[in-house]
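Number of protein chains: 2
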Amino acid sequence: MFDTHDVVDSRQPTASTPEFIPPAQSPPLSAMEALVRALPLQRRRLKAKQYVFRAGQPRHTLHLIHAGVFKTSVLSEDGREKITGFRLRGELLGLDALDMATYACDAVALDVGEVWELPCAHLRETVPEFQELLTAALASEIRRDWGWMLALGTLAAEQRVAAFLLDLTARLGALGFSPLCMTLRMTRADVGNFLSLQLETVVRALSHLQALGLIRIERREIRIEDPAGLAATLSASRACH
Amino acid sequence: MFDTHDVVDSRQPTASTPEFIPPAQSPPLSAMEALVRALPLQRRRLKAKQYVFRAGQPRHTLHLIHAGVFKTSVLSEDGREKITGFRLRGELLGLDALDMATYACDAVALDVGEVWELPCAHLRETVPEFQELLTAALASEIRRDWGWMLALGTLAAEQRVAAFLLDLTARLGALGFSPLCMTLRMTRADVGNFLSLQLETVVRALSHLQALGLIRIERREIRIEDPAGLAATLSASRACH
DNA sequence: CGAGTGGTTGAATTTCTTCAAGGCTCGTGG
DNA sequence: CCACGAGCCTTGAAGAAATTCAACCACTCG
């Protein structure tokens with residue numbers, strides 16, 4: 109059922125090789141990353157399209173993203189797929205299955221990346237703040253999901269795309285990247301799947317936002333030309349009545 | 109901002125008056141209910157349309173539903189609303205704000221109901237299994253949300269309504285109610301909001317499912333005439349291609 | 001009994017999807 | 001080095017599904 113032929117990946121035996129110590133220019137660390145950075149964690153490098161784990165596989169650890177962009181997705185029995193989120197540095201993969209024996213979703217790298225494997229049970233006992241952070245991460249994932257449910261349920265196609273861009277830039281900004289310029293690591297089809305739109309609709313929305321002078325597109329590079337204007341497209345809503 | 113004029117409600121001073129001891133015919137209890145039923149909890153009765161809490165209010169406890177049906181909803185700054193779920197006995201209200209000082213959603217009773225206020229911090233220390241259950245509840249809320257994101261993103265209107273009915277009957281069945289007959293405690297507009305459909309669309313979907321002989325509608329009473337047939341409508345999907 | 005809430009149905013409209021065709025970019029192999 | 005193919009992106013035109021608008025009914029509650 110779950111062929112793991114493409115999950116083979118390079119693992120660093122036990123601990124940190126020097127060049128892996130968090131880069132000196134390191135931007136604001138996530139609380140979780142700050143908590144565990146000193147520990148000798150299993151680190152795992154992944155190339156684009158490699159799976160961190162797949163739904164149904166036995167669950168062994170939580171994965172903290174240290175670099176790269178990942179997507180998580182769920183699949184129905186009859187093959188319908190839905191991307192549940194795009195995940196950046198400092199975020200956790202596998203949270204949703206904390207109480208289960210197997211993973212509940214797929215997690216796959218969108219480009220080269222690195223995850224740290226957190227020995228969850230051990231950390232819970234030895235690091236008091238860990239449980240705290242875990243609970244916070246779970247609760248904020250719920251709020252994040254609800255936020256997107258709200259967006260998808262009440263915004264028209266173009267607004268959803270705008271909301272998507274704004275969300276991404278905000279999160280990248282929080283990681284220390286330029287908040288006005290970004291590289292989409294996912295395809296238009298991925299964006300469409302996440303936003304419950306067809307890829308053509310995403311393309312048209314992007315083209316139109318560019319025509320309005322709000323963004324500038326060049327392949328997967330997107331520059332926000334008018335952040336305020338982009339944000340303003342969200343309020344004028346379909347839910348006018 | 110948050111007028112609480114309709115949140116006043118009858119509180120039982122400290123502990124259980126005799127008639128409140130869980131009914132003798134009690135069906136399968138939720139794990140959480142079993143864990144705390146012996147404790148002297150603050151119990152709170154609510155009438156239809158009363159709020160358990162509202163977004164922005166200071167958070168004091170978790171609320172365990174002991175009776176009744178509740179809905180939780182989030183609101184955007186510009187007034188768009190989205191119902192994030194309908195909650196039954198044994199489920200927790202306020203989970204999503206566990207790490208915050210204020211509630212993150214509204215929780216309102218759809219008919220008469222009762223919630224038990226869980227002294228979260230205290231339980232965490234004294235009852236070892238409590239943290240475990242809490243984590244499980246958080247994780248399954250995430251999976252539940254993802255399941256609905258998948259459904260809303262990949263199913264057509266009529267299929268969403270069918271999925272909604274099947275979900276409700278399954279959950280009511282797990283509580284010991286008849287799995288074939290139920291009373292919707294929410295309006296068509298509520299169902300539509302939850303499923304990201306207009307209320308007219310919900311009505312048409314229900315009418316059509318009835319015309320197909322799969323269900324029988326009488327006001328808010330709904331009987332599942334053909335559970336298998338209803339479930340079968342889910343697979344033949346829009347995501348055919 | 002009258003008003004109001006909630007539910008139902010029809011017809012017109014809109015938005016998004018579907019289908020089709022073509023172009024761009026990058027990596028691979030000749 | 002160039003050609004070629006695959007994957008990804010873009011645009012147009014036709015079609016379908018759901019929304020919007022409008023009217024009306026049924027039941028309940030004061």
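Here the protein sequences come in this chain order: F and G.
Okay, so the first sequence: first residue is 109 according to the working numbering, each after it adds one.
Okay, so the second sequence: first residue is 109 according to the working numbering, each after it adds one.
Positions of the beta carbon are idealized from the N, C-alpha and C atoms, including for glycine.
Within chain F, partners of residue i - CB distance below 7 angstroms
i      : result
G:E249 : I250
Per DSSP, cross-strand counterpart(s) of residue i
i      : result
G:K190 : G:V182
F:D214 : F:S181
G:A175 : G:E222
F:E326 : F:E329
G:Q150 : G:E225
F:L200 : F:L172
F:R195 : F:F178
F:P166 : F:T210
Anticipated Cβ contact below 8 angstroms, residue i with residue j, distance rounded
i      : j      : result
G:R145 : G:G202 : Going by Cβ atoms, the distance from G:R145 to G:G202 rounds to 19 angstroms, so no, they are not a contact pair.
F:L218 : F:M294 : 6 angstroms
G:V310 : G:G321 : 19 angstroms between Cβ atoms; not a contact.
G:T180 : G:C213 : 5 angstroms
F:I173 : F:R197 : 5 angstroms
F:A265 : F:G221 : Not a contact, Cβ separation roughly 30 angstroms.
G:V223 : G:H171 : 4 angstroms
F:A163 : F:Y211 : 5 angstroms
Pairwise C-alpha distance: residue j and residue i
i      : j      : result
G:L263 : G:T192 : 18 angstroms
F:I129 : F:L246 : Low per-residue confidence applies at F:I129: pLDDT is 42, beneath 50, and the placement is therefore not dependable, though the value from the model is reported in the following sentence. Rounded to the nearest angstrom, the two C-alpha atoms are 27 angstroms apart.
F:F161 : F:A209 : 13 angstroms
G:R258 : F:L288 : The amino acid at residue 258 of chain G is misidentified as Arg; the sequence shows Leu. Roughly 31 angstroms separates the two Cα atoms.
F:M140 : F:L231 : 11 angstroms
F:Q150 : F:L183 : 28 angstroms
F:L241 : G:L206 : 11 angstroms
F:A270 : F:L276 : 10 angstroms
F:E225 : G:R252 : 25 angstroms
G:T169 : G:A142 : 18 angstroms
F:R279 : G:D186 : 22 angstroms
G:H302 : F:K157 : As written in the sequence, residue 302 of chain G is Phe, which differs from the His given in the question. The alpha-carbon atoms of G:F302 and F:K157 are separated by roughly 34 angstroms.
F:P236 : F:L147 : 15 angstroms
F:S286 : F:E333 : 13 angstroms
F:F272 : F:L292 : 11 angstroms
F:W254 : G:L260 : 13 angstroms
F:H316 : G:S343 : 35 angstroms
F:E233 : G:F238 : 15 angstroms
F:A188 : G:I325 : The question names Ala, but residue 188 of chain F is Arg in the sequence shown. Near 30 angstroms, if we compare the C-alpha coordinates of G:I325 and F:R188.
G:G284 : F:Q165 : 33 angstroms
Listed by chain order, chain G residues near residue i by CB distance under 7 angstroms
i      : result
F:R167 : Going along chain G, no residue has its Cβ under 7 angstroms from F:R167, so there is no contact; the nearest lies around 11 angstroms.
Interface partners of residue i on chain F, CB under 9 angstroms
i      : result
G:G304 : Checking the displayed sequence, the identity of residue 304 of chain G turns out to be Ser instead of Gly. Those within 9 angstroms of G:S304 in chain F are M257, L260, G261, T262 and S304.
G:A212 : A247, I250, R251 and W254
G:L203 : L246, A247 and I250
G:V269 : The contacting residues do not exist; G:V269 stays about 15 angstroms from chain F at best.
G:V182 : R251, W254, G255, M257 and L258
Where residue i meets chain F, residues with beta-carbon distance less than 8 angstroms
i      : result
G:Q239 : Q239
G:T243 : L206, D207, L242, T243 and L246
G:T295 : In chain order: nothing, as chain F lies at least about 16 angstroms away.
Interface residues of chain G facing residue i [CB-CB closer than 8 angstroms]
i      : result
F:T291 : None at all; the shortest Cβ gap to chain G is about 25 angstroms.
Neighbour list for residue i in chain G, Cβ cutoff strictly below 9 angstroms
i      : result
F:T192 : I250, D253, W254, M257 and L258
Next item on the list: Run through the stretch 235-323 of chain G for me and flag every whole beta strand (DSSP E) of 3 or more residues, listed as ranges in chain order.
Entry: 289-291
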